[in-house]
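Here is the structure we will look at.
Protein chains in written order, with the numbering used here: chain A, 38 to 256; chain B, 38 to 256.
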C-alpha cells in the first residue's frame with residue numbers, strides 16, 4: 038500500500054499517524070457488479086481504490102439508478118464513510134463496475150486523524166470539493182442538456198475509459214447511468230445508428246463516427 | 038458581529054485568530070434582487086448572513102435559473118469564496134432574495150486560518166457536507182419526482198418561509214426556482230386551482246388546502 042499515491046500530503050503526517058492509517062487499512066477485492074457500500078446505514082469507511090473501477094450512484098424508490106461519479110485507481114471515496122461527518126445526509130450506493138481491489142480505512146480512525154492533522158483535514162476538504170464539483174456538473178447536464186447530447190457524451194466517455202470503440206453495454210445499463218428509461222435509450226441509439234454514428238448488435242455498441250458524436254456533444 | 042453565532046467552535050480559536058476574522062470582516066447590505074456574487078471569476082469571500090435571505094442558483098447558457106439553496110440569518114456561504122479551494126469548479130450566482138445584510142470574510146484570510154486551526158478546517162468540512170447534502174436532495178427531487186409533487190413541495194416550503202398562506206410569486210419566478218418553463222408552471226397551478234388547492238390572482242398564489250398539497254407532496 039503506497040499511501041502517498043492517495044494522500045499527496047502523506048509526508049506532513051507524523052510517523053505515528055502514518056502507522057495508524059497503514060495499520061488499520063483492510064485490503065478487499067470485489068468482483069464486477071458487487072455492491073460494496075449501500076446507503077447511510079452502512080458506514081464502510083474510506084475506500085482507496087487500488088485497481089479496477091467503482092461506480093457511485095443514487096437509487097429511487099422505484100429502483101432506477103443514476104451514476105453520480107466513478108472512482109478509478111488512486112481515487113478516494115469519502116461518502117462510504119458518511120458516519121464520519123454529521124452533515125452527510127444522502128444515500129449513495131457503490132458497486133464494483135469492474136473486478137476491483139481496494140483498501141478500507143475505518144471511519145473512526147480517519148475521523149480521529151482529521152481532528153489531529155490540519156493537512157489531512159484540508160485535503161479531505163479538497164476531496165469533498167472535487168466530488169461536489171462533479172455532482173454540480175452532472176446536475177447541469179441533467180437540467181440543461183438534451184438527451185442526444187448527454188448520450189453522445191456518455192458514449193465518448195465510455196470509449197475513452199475502455200480505450201476501445203466497441204462497447205459492451207446494454208441499453209438498460211445506459212439508462213441506469215443517465216437516469217432515463219431503457220426505451221428512451223433504445224430510441225436515441227437507433228437514431229444514432231440511422232445517422233451512421235454507431236453500429237448496434239446484441240449487447241454491443243460500436244462507435245463508427247466519433248467526430249460526429251463529438252460535434253453533437255459540443256453543439 | 039457575534040461570531041459564535043456563525044462558528045460554533047469560535048472558543049477553540051485563539052484570540053489572535055478571532056481578531057483576524059473580526060478585523061477583516063466587511064459589513065454590507067443589499068436590496069432585494071441584487072446580485073451579490075457571480076460565478077467563479079468573482080472570489081467575493083465567505084458570506085455570513087446577518088439578516089434577510091440569499092439565494093444561490095445556477096444559470097444555463099440560455100439564461101434559465103435553478104435555485105440550489107437558500108441562506109438565512111446565521112448561515113455561511115463557502116462557494117462565494119471558491120478561489121479558496123482549487124477543486125471548487127462550478128459557477129454559482131448569489132442574489133439577495135430579500136433586503137439583506139451580511140459580513141464578508143476575505144477568502145485569503147479564511148484560507149490562512151484553515152491551515153492553522155483544526156477546528157475551523159473541520160467545521161468548514163461540515164458546512165460543505167451540509168451543502169452537498171442539499172444539492173443531492175435537490176438532484177433527487179429533479180430526477181425522481183414528478184413536477185406536481187415538486188411544485189406542491191415548493192409552495193408549502195415558501196409558505197413556511199414566509200409564514201403566510203398568501204404568496205407573492207410570479208409563475209416565471211417559480212419556473213426559475215424549479216428549472217421549468219413558465220408555461221409548465223402555469224398549467225400545473227391551474228390544475229391545482231381547479232382542484233381547489235390554491236387560488237390564483239395577478240402575481241399572487243393563495244394556498245387554500247395545505248393538507249391536500251402535503252398529501253400530494255408525500256404521495
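Each residue gets a CB set at the ideal place from its N, CA and C atoms; glycine is no exception.
Within chain B, the residues 169, 172, 173, 176 have their CB atoms less than 8 Å from the CB of residue 172/A, given in chain order.
Here the alpha carbons of residue 91/A and residue 110/A stand approximately 9 Å from one another. In the assembly as shown, residue 59/A is an exposed residue. Its beta-carbon has fewer than 16 other beta-carbons within 10 Å. Closest by C-alpha distance to residue 154/A, out of 39/A, 52/A, 42/A, 200/A, is 52/A. Only buried fits residue 81/A, as 16 or more other CB atoms lie within 10 angstroms of its CB.
Distance between residue 47/B and residue 41/B, taken at the CA atoms: about 5 Å.
Scanning 189/B, 207/B, 88/B for the CA closest to the CA of residue 256/B turns up 189/B. According to the DSSP secondary-structure assignment, residue 184/A is paired through a beta bridge with no residue. Counted as a single uninterrupted DSSP element, the stretch harbouring residue 127/B is not any beta strand (DSSP E), since DSSP gives it neither H nor E.
In the displayed model, residue 65/A falls within a strand according to three-state DSSP.
Unbroken beta strand (DSSP E) runs of no fewer than 3 residues, entirely contained in the segment 124 to 178 of chain A, are found at 130 to 133, 137 to 142, following chain order. In terms of Cα proximity to residue 176/A, the closest of 245/B, 127/B, 122/B, 61/B is 127/B.
With a contact defined as Cβ atoms closer than 8 Å, residue 119/A and residue 124/B miss out at about 19 Å. In the structure shown, the three-state DSSP call for residue 219/A is helix. Neighbours of residue 225/A in chain B, taken as residues whose beta carbon is under 9 Å from its own, are absent, since the nearest beta carbon is some 18 Å off.
Look at residue 127/A: its C-beta is under 8 Å from a C-beta on chain B. Residue-level contact by beta carbon holds for residue 123/A and chain B, with a gap shorter than 8 Å.
For residue 243/A, the secondary structure class from DSSP, reduced to helix, strand or coil, is strand.
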